[in-house]
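Comments concern the structure below.
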Amino acid sequence: MSRKRKKKYSKELQIIAVKSFLEGEGSQREICRKYGISNHSVLGRWIKWYNGHKEFKNRSSAKGEIYMTKGRKTTQAERSEMVAFCIEHGKDYGLTVETYKVSYQQIYSWVRKYEEKGIEGLQDGRGRSKGDEEMNETERLRMENKLLRAQLQDAEMENKLLKKLRELRGGGH
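Quick note: to get this note's numbering, add 3 to the position in the sequence shown (first position is 1).
See the structure below:
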């Protein structure tokens with residue numbers, strides 16, 4: 004009698020598959036086929052974790068725990084710094100959550116807003132605006148510069164990975 008082993012998935016694959024589903028790239032079954040996930044209920048569980056502000060377990064290490072972090076109030080400068088940190092670290096949302104003690108959903112949302120609208124996307128448009136929270140022009144430019152450097156570093160890292168992948172697939176062409 005053979006025993007069926009539980010298939011293990013990397014944190015990266017889990018996030019890619021969830022985002023793929025949430026962005027409408029296919030049904031749960033189609034996404035499972037595309038990424039080699041054993042069952043659509045596995046993907047469904049990941050989607051619940053993702054939407055519940057929980058960090059994915061990294062199946063390749065024993066220490067990854069699922070936890071929930073409550074969001075907190077932040078200034079635009081803090082949000083900019085966190086987005087830069089997240090981008091510099093290959094969009095490692097879990098590391099950013101741990102480092103800055105914000106919720107997964109907050110940092111994910113800020114990165115997305117920054118990518119769509121730039122630094123202005125990180126302004127908090129709720130309620131009355133507070134003058135002391137606003138950045139002056141020099142601070143805004145410094146923060147924008149830091150964010151752009153982080154994006155450049157991320158793009159360079161992605162290019163290196165793609166080159167390596169091409170080498171492995173094509174024998175170095």
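Virtual Cβ for every residue (Gly too), placed ideally from N, Cα, C.
As the structure is a prediction and not an experimental result, all values here were calculated from the model.
Is residue i buried or exposed, if buried means 16 or more other CB atoms sit within 10 Å of its CB?
{"i": "LEU2", "result": "Given a span of 4 to 176 for the chain in the structure shown, any question on residue 2 remains unanswerable."}
{"i": "THR99", "result": "buried"}
{"i": "LYS22", "result": "exposed"}
{"i": "LEU83", "result": "Going by the sequence as given, residue 83 is Ser instead of Leu. That one is buried."}
{"i": "ALA158", "result": "exposed"}
{"i": "GLU170", "result": "exposed"}
{"i": "ALA20", "result": "buried"}
{"i": "LEU155", "result": "exposed"}
{"i": "GLY97", "result": "buried"}
{"i": "LEU25", "result": "exposed"}
{"i": "LEU2", "result": "A question about residue 2 goes unanswered here, because the residues of the chain that appear run from 4 up to 176."}
Cutting at 7 Å between CB atoms, please list the residues of its own chain near residue i, excluding the five before and the five after it.
{"i": "SER41", "result": "LYS10"}
{"i": "ARG75", "result": "LYS104 and VAL105"}
{"i": "MET160", "result": "GLY93"}
{"i": "PHE88", "result": "THR99 and THR102"}
{"i": "LYS116", "result": "GLY124 and LEU125"}
{"i": "GLY128", "result": "none"}
{"i": "ILE122", "result": "SER83, ARG143, MET146, GLU147 and LEU150"}
{"i": "ARG32", "result": "HIS43"}
{"i": "LEU165", "result": "none"}
I think residue i touches residue j, with their Cβ atoms under 8 Å apart; what is that distance to the nearest whole Å?
{"i": "GLN79", "j": "LEU125", "result": "5 Å"}
{"i": "ILE90", "j": "ALA153", "result": "4 Å"}
{"i": "MET85", "j": "TRP113", "result": "7 Å"}
Excluding five sequence neighbours on each side, which residues of the same chain lie with their C-beta closer than 6 Å to the C-beta of residue i?
{"i": "LYS133", "result": "Annotation note: pLDDT 46 at LYS133 (below 50); position unreliable, coordinate value reported separately. Closer than 6 Å at Cβ, skipping near neighbours: no residue."}
{"i": "CYS35", "result": "HIS43 and LEU46"}
Below 8 Å CB to CB, which residues in the same chain sit around residue i once its five sequence neighbours on both sides are set aside?
{"i": "TYR38", "result": "LEU16, ILE19, ALA20 and SER23"}
Complete alpha helix (DSSP H) runs within the region 83-113 (minimum length 4 residues, chain order): 96-103
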